[in-house]
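Asker: Chains as they are written, first to last, in full-length UniProt numbering: chain A, 1 to 520; chain B, 1 to 520.
1) Reducing DSSP to helix, strand and coil, say where residue 12 of chain B ends up.
2) Per DSSP, which residues does residue 383 of chain B bridge with? Please list them.
3) Excluding sequence positions up to five away, which residues of its chain have a Cβ less than 6 Å from the Cβ of residue 442 of chain B?
4) For a test of the three-state rule: what should DSSP assign to residue 462 of chain A, helix, strand or coil?
5) List the residues of chain C that residue 455 of chain A touches, going by C-beta distances under 9 Å, in chain order.
6) Mark residue 49 of chain B as exposed unless 16 or more other C-beta atoms lie within 10 angstroms of its C-beta, in which case mark it buried.
7) Note down the Cα distance separating residue 106 of chain A from residue 276 of chain A, rounded to an integer number of angstroms.
8) Which value, in whole angstroms, describes the spacing of the CA atoms of residue 467 of chain B and residue 39 of chain B?
9) Can you list, in chain order, the residues of its chain whose CB lies under 7 Å from that of residue 523 of chain B, leaving out five sequence neighbours each side?
10) Output needed for residue 506 of chain A: all residues of its chain with C-beta closer than 6 Å, excluding positions within five of it in sequence on either side, in chain order.
11) The stretch 199 to 219 of chain A: which residues have C-beta closer than 7 Å to a C-beta of chain B, in chain order?
12) Taking Cβ-Cβ distances shorter than 8 Å, what residues in chain B pair up with residue 32 of chain A?
13) Using a C-beta to C-beta distance shorter than 8 Å, which residues of chain A count as neighbours of residue 237 of chain B?
14) Would residue 200 of chain A pass as a contact of residue 453 of chain B if the rule is Cβ separation under 9 Å?
15) Can a CB atom of chain A be found closer than 9 Å to the CB of residue 167 of chain B?
16) Are the CB atoms of residue 133 of chain B and residue 109 of chain B within a distance shorter than 9 Å?
17) Using a threshold of 8 Å, is the CB atom of residue 451 of chain A nearer than that to any non-hydrogen atom of the ligand GTP?
18) Starting from the beta carbon of residue 284 of chain A, find every residue of chain B whose beta carbon is closer than 7 Å, and list them in chain order.
19) Return the chain-ordered list of same chain residues with a C-beta closer than 6 Å to the C-beta of residue 73 of chain B, the five sequence neighbours on each side being excluded.
20) With three or more C-beta pairs closer than 8 Å as the rule, is the stretch 367 to 382 of chain A touching the stretch 21 to 41 of chain B?
21) Quick check on residue 179 of chain A - is its C-beta less than 9 Å from some C-beta in chain B?
22) Is the CB of residue 412 of chain A under 9 Å away from at least one CB in chain B?
23) When the cut-off is 9 Å and only beta carbons count, does residue 36 of chain B lie next to chain A?
24) For residue 431 of chain A, which residues in chain B fall below 7 Å Cβ to Cβ?
25) Along the chain, where does the alpha helix (DSSP H) containing residue 348 of chain A start, and where does it finish?
26) Our contact map puts residue 136 of chain B next to residue 197 of chain B with C-beta atoms below 8 Å; I'd like the distance itself, whole angstroms only.
27) Residue 336 of chain A and residue 360 of chain A: beta carbons closer than 9 Å?
28) Within the same chain, show all residues whose beta-carbon is closer than 6 Å to that of residue 363 of chain A, passing over the 5 residues directly before and after it, in chain order.
29) Please state whether the Cβ-Cβ distance between residue 513 of chain B and residue 353 of chain B is less than 9 Å.
30) Does the pairing of the stretch 156 to 165 of chain A with the stretch 173 to 181 of chain A give three or more beta-carbon distances under 8 Å?
31) Would you identify the three-state DSSP class for residue 39 of chain B, choosing helix, strand or coil?
32) Report the start-end ranges of each alpha helix (DSSP H) in the stretch 92 to 151 of chain B that is 4 residues or longer and not cut off at the edges.
33) Nearest chain B C-beta to residue 47 of chain A closer than 9 Å, yes or no?
34) Whole angstroms are fine: how far does the CA of residue 390 of chain A sit from the CA of residue 355 of chain A?
35) Does residue 176 of chain A come within less than 9 Å of chain B when only Cβ atoms are used?
36) May I have the straight-line CA-CA distance separating residue 183 of chain B from residue 150 of chain B, to the nearest angstrom?
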């Protein structure tokens with residue numbers, strides 16, 4: 001019989017930063033322990049320290065592990081996952097696993113083709129420590145059948161004690177026939193049992209799972225309500241009901257319905273499941289992590305994201321290369337990047353007075369505080385992500401300098417780009433900070449500031465957030481990442497002129513006015 | 001190329017009583033007319049008059065049809081559906097279709113095995129009138145392959161001009177291999193093009209649709225956001241994106257995303273899509289209409305419904321048959337069935353006075369008004385659906401007579417059933433009213449009243465509803481249905497003693513007190 005590895009806490013954690021209330025975890029464990037088709041419960045990641053907040057089920061303190069083991073006794077086996085790319089050495093692996101001996105049965109490694117050899121070493125060490133081991137080969141939709149065989153051959157040679165090889169459809173992009181074929185190839189190449197982990201972007205998680213089963217996979221991943229990264233997973237309630245129906249296995253539907261109801265409440269808050277952008281990411285075989293980030297930020301509308309996904313070659317530069325003009329024609333001694341925070345209003349007098357004294361331009365990453373700077377005899381440069389410039393219409397102001405990015409989802413009208421006060425930012429303006437699909441507003445402002453005057457860049461109104469919500473979490477992380485990478489790469493560090501919760505050097509605007517930029 | 005028939009207005013109408021705002025319909029039509037893979041837009045049902053409220057897209061006034069035809073011009077073909085069981089004669093068909101000539105291209109008939117021959121006659125007449133015709137063979141999960149061939153053979157013989165034969169997975173219960181097989185059988189048996197209409201109970205609508213396409217189906221039904229009866233359909237946005245990706249057909253994703261967003265707002269209100277009960281109904285091959293009704297009524301919790309679905313043989317009668325006791329031991333001249341409405345409180349003095357004068361028992365279909373009747377020296381009989389009797393605990397009252405039904409989702413404890421004041425209602429107590437999966441409370445009360453005294457049954461507190469909501473819509477329809485069927489089948493009609501919005505004869509309680517039951 002095919003059995004299930006339920007990884008609700010591990011894969012679902014992507015939505016809650018791996019925080020789950022104890023009550024719901026207890027109910028979940030009780031329900032899982034009574035479902036006959038569940039063989040493993042995967043309770044989270046075990047991870048080295050990361051530079052951001054991640055909860056209990058991302059790090060799994062040993063007391064949590066012991067509590068869960070005691071609670072479910074030995075009714076089920078317990079599994080944890082380790083991201084191969086985060087676990088950089090054998091010593092780190094020993095550190096992560098040694099206190100789990102006797103409590104955890106199975107250790108699974110998420111393996112990408114890039115870190116495959118390293119994963120084999122980790123698998124061998126994990127076996128030496130007495131655990132069962134699974135190698136979860138990610139991105140199988142991108143790996144041709146010959147390479148699948150080659151990876152399996154390498155596992156047979158390099159880590160022959162591996163207990164399970166999982167084929168993971170990371171992009172939710174596989175079709176049933178393709179899954180069958182790949183599972184069969186894997187089974188022909190080794191005697192190691194095969195598992196399958198699907199995603200539901202194009203609503204084929206269940207169809208692909210039963211296809212993998214037909215082809216001989218013996219263990220399949222699922223999560224309650226399909227809770228999981230991006231479009232989510234095969235739902236445990238469907239697969240349990242399916243096995244129950246097929247094998248005439250009695251299950252307690254009342255308990256199952258109860259836990260489904262509890263996770264549905266969380267689903268109503270976070271909203272996993274597929275949607276048009278996820279469908280397209282699956283059909284076009286694009287990574288859903290990026291989609292998830294873009295959707296959560298709510299900066300771009302669904303259409304913009306679809307446009308990006310669908311128009312593989314983005315082109316916003318004007319057709320006529322002669323009309324291209326660079327921002328290096330602008331000449332200022334300092335730049336102050338203006339965010340959307342309230343501290344701008346509190347310090348407006350100081351900011352305006354500083355600008356007038358020191359040939360400083362204001363570069364607005366947000367439009368929120370622009371009004372404070374209008375008609376004040378200062379230079380205002382405004383960053384417009386997306387196609388806002390197209391929509392400006394009567395709000396177009398010849399006294400403002402507009403910036404657009406060549407990395408954005410929407411094409412801007414050629415005639416607008418040719419206007420004398422419109423400039424296009426490109427990656428060349430700021431090396432080392434080009435990993436974003438679209439340029440975030442702070443990065444756009446920073447690109448302009450760096451090109452204009454790389455040694456004196458100030459920030460104002462990047463206050464940070466009092467309360468963390470799903471939407472502002474990504475914005476905060478993104479801004480901090482931009483600040484950190486900039487400061488790491490360039491000699492002159494960024495300085496905030498207003499109070500901020502970001503990790504950044506702060507100086508008082510009044511100190512600069514009195515003592516000058518260098519000595520302020 | 002496989003083409004799409006989008007039936008959002010027709011199949012989605014089950015959730016909105018076929019009411020859609022004009023603005024959203026206009027947007028929908030504009031979007032559909034620009035998607036190259038859409039061949040037909042099915043704009044609703046054309047139906048003979050029904051005894052309940054059903055909206056514009058259930059009846060399709062000819063002005064609506066003309067408006068839509070003008071709006072989409074001839075960019076797409078238009079389809080309507082007729083329920084074969086509702087269209088009882090050729091004359092009725094002519095009446096329904098004659099004004100559609102020139103505006104509608106395709107007429108589809110929903111056909112069950114029970115009315116198959118009639119459907120062939122309707123199909124022939126429809127062809128005579130100049131329309132294209134599709135026969136939509138429902139419940140294919142329940143029809144074995146031999147019978148599929150036999151139905152197709154009969155179409156080839158009896159209605160050879162049929163333009164499409166659709167295989168409809170009404171229960172959302174088919175698997176991809178099964179769909180492939182059935183489509184192939186249909187194609188081998190005739191040259192008539194085959195279509196497929198899936199439901200998403202077990203999340204196989206997409207997998208089954210592409211399986212049908214692989215087997216040779218040329219037209220597939222879908223709806224925006226999968227809006228459709230019960231667990232819903234294949235979503236148009238997924239299937240369009242799939243075809244776009246596969247055939248490199250450019251589509252306007254922005255428009256598609258916009259209409260998806262608008263229907264998602266309606267989805268958030270009505271909540272179609274699958275859930276554990278729908279999944280089980282699909283896996284167990286049970287009709288989802290009944291599930292949808294039970295869920296909407298909110299009378300039974302999800303667990304109760306699952307229990308019913310899963311325990312195929314319901315057994316609530318006591319193990320020891322000797323302890324079974326019939327309600328015929330009770331002896332009253334009249335019965336008054338008490339509902340949950342406010343008119344009970346307004347008329348309480350009259351009701352109590354009537355009961356004391358005339359040897360009348362009160363049978364409470366609802367517990368809402370019970371308090372008004374306690375300690376008043378009258379006999380109170382209380383109907384308890386579900387397993388409320390198990391939970392009564394300290395509220396158990398030896399002065400009350402409790403009734404439970406043998407058609408209910410939960411087993412009641414044997415020891416409780418043996419109590420002298422607990423009676424079990426069975427179908428024998430009231431013939432002709434046994435089509436309900438579970439006995440509704442009014443039906444329970446009516447069963448008891450009929451057995452006690454079939455000639456003098458009164459109602460009080462069945463007020464009806466001021467505002468129609470999704471939840472009370474089913475309750476209202478159910479109560480009216482019970483009243484109608486009872487009155488049709490039995491000589492002594494039901495009489496309401498309090499004002500009511502139901503269609504039922506009303507007499508004043510005070511008239512009965514003064515003039516007696518016969519002359520009152």
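Heads up, the beta-carbon is just placed ideally off N, CA and C, and yes, glycines get one too.
Answerer: On the basis of the supplied data:
1) Locating residue 12 of chain B in the second chain gives position 12, counting from the first residue. In this structure, residue 12 of chain B counts as helix in the three-state DSSP scheme.
2) Translated into positions along the second chain, residue 383 of chain B becomes position 383. Looking at the DSSP assignment, residue 383 of chain B forms a beta bridge with B:403.
3) Here residue 442 of chain B corresponds to residue number 442 of the second chain, with the count starting at 1. Correct list, in chain order: 365, 479, 482.
4) Position 462 of the first chain, counted from the first residue, corresponds to residue 462 of chain A. DSSP places residue 462 of chain A in coil when its eight states are reduced to three.
5) Among the protein chains of the structure shown, namely A and B, there is no chain C.
6) Against the second chain, residue 49 of chain B aligns to sequence position 49. Residue environment analysis places residue 49 of chain B among the exposed positions, since fewer than 16 neighbouring C-beta atoms fall within 10 angstroms of its C-beta.
7) Mapped onto the first chain, residue 106 of chain A falls at position 106. Mapped onto the first chain, residue 276 of chain A falls at position 276. Taking the straight line joining both Cα atoms gives about 36 Å.
8) Here residue 467 of chain B corresponds to residue number 467 of the second chain, with the count starting at 1. Here residue 39 of chain B corresponds to residue number 39 of the second chain, with the count starting at 1. Roughly 40 Å separates the two Cα atoms.
9) Nothing about residue 523 of chain B can be reported from this structure: the residues present for chain B run from 1 to 520 only.
10) Reading the first chain from its first residue, position 506 is the one you call residue 506 of chain A. Result list for residue 506 of chain A: 496, in chain order.
11) Of all residues in the stretch 199 to 219 of chain A, 202, 203, 204, 206, 207 have a Cβ within less than 7 Å of some Cβ in chain B.
12) As a first step, residue 32 of chain A must be located in the first chain, where it is residue number 32. For residue 32 of chain A, there are no neighbours in chain B by C-beta distance under 8 Å, as the nearest C-beta there is about 16 Å away.
13) Translated into the one-based positions of the second chain, residue 237 of chain B becomes position 237. Result: 276, 279.
14) Here residue 200 of chain A refers to the residue found at position 200 of the first chain. Here residue 453 of chain B refers to the residue found at position 453 of the second chain. At the C-beta level, residue 200 of chain A and residue 453 of chain B stay beyond 9 Å of one another.
15) Within the second chain, residue 167 of chain B is the residue found at index 167, counting from 1. Not flagged as an interface residue toward chain A: residue 167 of chain B, since no C-beta distance is shorter than 9 Å.
16) Numbered from 1 along the second chain, position 109 holds the residue referred to as residue 109 of chain B. Numbered from 1 along the second chain, position 133 holds the residue referred to as residue 133 of chain B. When the beta-carbon positions are compared, residue 109 of chain B and residue 133 of chain B come within less than 9 Å of each other.
17) Because no ligand of any kind appears in the structure shown, any question about the ligand GTP cannot be addressed here.
18) The residue you call residue 284 of chain A lines up with position 284 of the first chain. Chain B residues near residue 284 of chain A: 245.
19) To locate residue 73 of chain B, count along the second chain from 1; it is residue 73. Cβ contact annotation for residue 73 of chain B (same chain, cutoff 6 Å, sequence separation greater than five): none.
20) Segments in contact, no.
21) Within the first chain, residue 179 of chain A is the residue found at index 179, counting from 1. No - not a single Cβ of chain B is within 9 Å of the one on residue 179 of chain A.
22) Taking the first residue of the first chain as 1, we reach residue 412 of chain A at position 412. No, no contact with chain B.
23) The count along the second chain starts at 1 and reaches residue 36 of chain B at position 36. Closer than 9 Å: no.
24) Here residue 431 of chain A corresponds to residue number 431 of the first chain, with the count starting at 1. Ordered by position in chain B, no residue passes the 7 Å Cβ test against residue 431 of chain A, which lies about 33 Å from the chain.
25) For the purposes of this step, residue 348 of chain A is taken as the residue at position 348 of the first chain. That run of the alpha helix (DSSP H) goes 348 to 358.
26) Within the second chain, the letter at position 136 stands for residue 136 of chain B. Within the second chain, the letter at position 197 stands for residue 197 of chain B. Between residue 197 of chain B and residue 136 of chain B the Cβ distance is about 7 Å, and since that is below 8 Å, they are a contact.
27) Within the first chain, numbered from 1, the residue matching residue 336 of chain A stands at position 336. Within the first chain, numbered from 1, the residue matching residue 360 of chain A stands at position 360. Yes. Within cutoff.
28) Position 363 of the first chain, counted from the first residue, corresponds to residue 363 of chain A. So the list reads 335, 337, 381, 445, 448, 449, once near-sequence residues are dropped.
29) Taking the first residue of the second chain as 1, we reach residue 513 of chain B at position 513. Taking the first residue of the second chain as 1, we reach residue 353 of chain B at position 353. Cβ distance < 9 Å, so residue 513 of chain B and residue 353 of chain B count as in contact.
30) A contact between stretches requires three or more CB pairs, one per stretch, nearer than 8 Å, and the stretch 156 to 165 of chain A fails this requirement with the stretch 173 to 181 of chain A.
31) On the second chain, position 39 is the one that residue 39 of chain B refers to. Strand at residue 39 of chain B.
32) Taken in chain order, the whole alpha helix (DSSP H) runs of length 4 or more contained in the stretch 92 to 151 of chain B are 116 to 128.
33) Residue numbering aside, residue 47 of chain A sits at position 47 when the first chain is read from its first letter. Among the CB atoms of chain B, none fall inside 9 Å of the CB of residue 47 of chain A.
34) The residue you call residue 355 of chain A lines up with position 355 of the first chain. The residue you call residue 390 of chain A lines up with position 390 of the first chain. Cα to Cα, the separation comes out at about 30 Å.
35) Taking the first chain and counting its residues from 1, one reaches residue 176 of chain A at position 176. In terms of beta-carbon proximity, residue 176 of chain A lines the interface with chain B, with at least one pair separated by less than 9 Å.
36) Numbered from 1 along the second chain, position 183 holds the residue referred to as residue 183 of chain B. Numbered from 1 along the second chain, position 150 holds the residue referred to as residue 150 of chain B. In this structure, the alpha-carbon of residue 183 of chain B lies about 13 Å from that of residue 150 of chain B.
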